[in-house]
Amino acid sequence: MTVNGFKKGESGGGPSACDGRFHSDGEMIVALSTEWFAGGRRCHRRIRITSAPHGGRAVEATVVDECDSRHGCRHNIVDSSPAVWKALGLDTDVGEVRVTWSDA
1 MTVNGFKKGE SGGGPSACDG RFHSDGEMIV ALSTEWFAGG RRCHRRIRIT SAPHGGRAVE
61 ATVVDECDSR HGCRHNIVDS SPAVWKALGL DTDVGEVRVT WSDA
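Residue 1 is where the sequence shown starts when you use the UniProt record's numbering, and the numbers rise one by one after that.
Shown next, in the form of structure tokens:
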């Protein structure tokens with residue numbers, strides 16, 4: 001999992017693919033790599049993210065965007081808002097952590 005800003009001008013780039021909007025860093029939201037995004041079929045669906053190596057905390061977040069694997073995003077990434085990191089008790093300065101996820 002990596003950290004991403006979904007507000008205008010942040011690291012996420014343009015508006016979210018699912019709704020054409022920008023989102024607050026305080027929202028529990030994610031962008032999934034292209035294969036997992038499934039052509040938008042996961043838009044607005046919730047996923048459960050577990051940080052097993054970091055105490056086993058789990059949270060649910062809503063899919064709002066694609067992390068385009070054809071343009072630089074890896075094929076196995078959950079790109080999440082700072083709120084997701086905070087809810088899992090993780091430090092966003094780390095930049096990347098191992099997690100597991102499933103459809104909620």
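Each residue gets a CB set at the ideal place from its N, CA and C atoms; glycine is no exception.
Strand pairing of residue i, partner residues [DSSP]
i, result
"T2", "D79 and E96"
"D103", "I47"
Burial state of residue i (16 or more Cβ within 10 Å)
i, result
"N4", "buried"
"H23", "buried"
"S16", "buried"
"D103", "exposed"
"R42", "buried"
Between the CA atoms of residue j and residue i - distance to the nearest angstrom
i, j, result
"C18", "T62", "11 Å"
"H71", "T2", "16 Å"
"G95", "A83", "14 Å"
"V59", "F37", "19 Å"
"A52", "E10", "28 Å"
Span of the beta strand (DSSP E) around residue i
i, result
"G66", "A quick correction: the sequence has Glu, not Gly, at residue 66. Segment A58 to C67, the beta strand (DSSP E) holding E66."
"R46", "R46 to T50"
N-terminal and C-terminal residue of the alpha helix (DSSP H) that residue i is part of
i, result
"F37", "T34 to F37"
ask   = Quick check: the segment 16-35 against the segment 90-97, are there 3 or more CB pairs under 8 Å?
value = They do not touch, by the three-pair rule.
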